[in-house]
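Written out below as structure tokens is the structure these notes cover.
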Amino acid sequence: MNELLVRIVSGVIMIGVALAAAYEGRDFFALLVAAAATAMFWEWRQITRPWGNKWAVGGFVYAAVPAIALIWIRLIEPANQFPLLLLWVFIVTWATDIGAYFVGRLIGRNKLAPAISPGKTVEGLVGGVVAAGLLAGEWVIYNDMPRILLVLAPLFAVAAQAGDLFESWIKRRAGVKDSGHWLPGHGGLLDRLDGLVPVAVLTALVQLAGLL
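Going by this note's numbering, the first residue of the sequence shown is number 0, and it counts up by one from there.
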């Protein structure tokens, strides 16, 4: 099967699982998040094991904090209502990833960070930010959510890209292409959730600060 088609199909399945878990309820969603965080930490340890215990502690924090943030975001919304803020987090992350991928493939010319991730381009970054701003913004307006989210969507899209670059730097330092082989066309969970890490944490912090 074509690599792009495999990537799209597995991506759609992952999105479906995430949405089903979010809709099903808090307990199931928490279990899924805990399982994902465990897998992320395991992948981190496989990559960074030769680097010492400090990296093990860092990996635990890296996996645990966004997991707590996601569960918190789900808990603050009514259990019998589709979680609007949680889906906003997903839309920002997914739109950034998809927009950056396709715009980068179509018109990407200028390398964003060639020493870290040669495939990423400035055009892809802009495409991801625009996609996140438009799609997450539409979600905010349609559901009459706090308007500050219109401003935060493109800003958090940049954070998502930074999270992607950070994970790429870890892999490059370790000399590996993917963090794992769990997901056809995508690699490991770290490869797919690296952008979600900062978006989830920043959203939880904004909510805790009373801005939402």
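From the three backbone atoms N, C-alpha and C, an ideal C-beta is built for every residue, glycine too.
- The way I'd put it, the segment 63-71 does touch the segment 23-33; three or more beta-carbon pairs between them come closer than 8 Å.
- When rounded, the separation of the alpha-carbon atoms in A38 and A173 is 18 Å.
- DSSP places P153 in the uninterrupted alpha helix (DSSP H) bounded by 147-173.
- The beta carbons of A158 and V198 sit about 6 Å from each other, so the pair counts as a contact at 8 Å.
- By the Cβ rule, the segment 143-163 counts as touching the segment 186-196, because three or more pairs are nearer than 8 Å.
- For A112, the enclosing beta strand (DSSP E) starts and ends at 110-112.
- Three or more Cβ pairs drawn from the segment 116-132 and the segment 148-158 lie within less than 8 Å of each other, which places the two stretches in contact.
- In the DSSP annotation of this structure, the continuous segment of the alpha helix (DSSP H) that includes G132 starts and ends at 121-141.
- Contact check for G103 and T92: beta-carbon distance about 16 Å, past the 8 Å limit, so the pair fails to qualify.
- Our two residues, N109 and G118, have alpha carbons roughly 10 Å apart in a direct line.
- Cβ contact annotation for E76 (same chain, cutoff 8 Å, sequence separation greater than five): P82, L83, L84, L85, in chain order.
- In the structure shown, P77 adopts coil according to DSSP, grouped into three states.
- DSSP places G103 inside the alpha helix (DSSP H), whose first and last residues are 83-106.
- It is roughly 23 Å from the alpha-carbon of L201 to the alpha-carbon of V16.
- Cβ contact annotation for F40 (same chain, cutoff 7 Å, sequence separation greater than five): G58, F59, A62, in chain order.
- For R25, same chain residues with a beta-carbon under 7 Å away, outside a window of 5 residues either side, are R73, L74, A78 in chain order.
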